[in-house]
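Be aware that the sequence shown starts at 1, since it is given in UniProt numbering, and climbs by one per residue. Note that CB positions come from ideal geometry on N, CA and C, so glycine has one too. Structure first, commentary second.
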Amino acid sequence: MMIHSHILVVGGTGMLADAAVWLEQHAETVTVIGRKQHRHYKLQTRMKKVNSLIVDYADNGELRKQIKKAIERFGPITLVVSWIHSYAADALVIISEEVSKSAEKWRLFHIQGSSSHLEKKTVNVMPNCLYRSILLGFILEADGSRWLTNKEICEGVIKCVEEDNKDMVIGILEPWEKRP
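Listed below in structure tokens is the structure:
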């Protein structure tokens, strides 16, 4: 994987923390968006080149402002790894708009929950964005099924970024009725 000047990880203080730490090896700066200050502090003990943005990505105005500031300070973002909850309907659009203004070409690895494959929503991104979809499934075991662990999710996300997969499922999505 090439070295990026600036990577953005949305949700990188929680489920994606290990992926953010790995991405630091491939960037001059990793900007991480998360709401909880104590999680940012914890991540900062594991990373040297992290720019912490303590912001609720559902706050559209503040999200836009903070992304603009990060781009002004650290340069264009060329890779985004994003886990955004559905309550923040405009967050991905705002990120796409702001990143597209300064980056000639960039990649978006969009992580979504298992039910997303049933909805078949179209994700609108800017023309200079190379969109990559990552669906989170579940694991079947002898005594039933379970959701993916953060470690399994991060390992799958890292593999997808390394291989630049357009579409990837971590775990399985079928049989749907067997999910936890």
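Start-end ranges of the beta strand (DSSP E) lying completely within the stretch 26–109, minimum 3 residues: 27–34, 50–54, 79–83
Measure the Cβ-Cβ separation of Leu136 and Ile170 and say whether it is below 7 Å. yes
Determine whether the beta carbon atoms of Leu23 and Val32 lie at a separation below 7 Å. no
As a quick exercise: from Ser5, Glu72, Val55, Ile158, pick the residue whose alpha carbon is nearest that of Ile84. Val55
Would you tell me roughly how many angstroms separate the C-alpha atoms of Val21 and Ile67, rounded to the nearest one? 20 Å
Give me the DSSP bridge partner(s) of Val125. Paired residue(s): none; Val125 is not in a bridge.
Measure the alpha-carbon distance for Asn128 versus Ile94 and round it to whole angstroms. 15 Å
Alpha carbon to alpha carbon, what distance is there between Gly12 and Ser96? 17 Å
Let me make sure I understand the geometry here. Which of Leu108, Gly14, Val9, Gly113 has the alpha-carbon closest to that of Asn124? Leu108
Spatially closest choice to Ala27 from Gly61, Glu72, Pro76, by CA coordinates: Pro76
For Trp147: DSSP bridge partner residues: Phe138
Could you give the distance in angstroms between the alpha-carbon of Ile71 and the alpha-carbon of Ser102? 8 Å
If we call anything under 7 Å between Cβ atoms a contact, is Arg132 one with Lys166? yes
Going by other Cβ atoms of all chains shown within 10 Å of its Cβ, with 16 needed for buried, is His38 buried or exposed? exposed
Simplified DSSP assignment, three categories, for Ile3: coil
Tell me which same chain residues have a C-beta within less than 7 Å of the C-beta of Ala17, skipping the five on either side of it? Leu43
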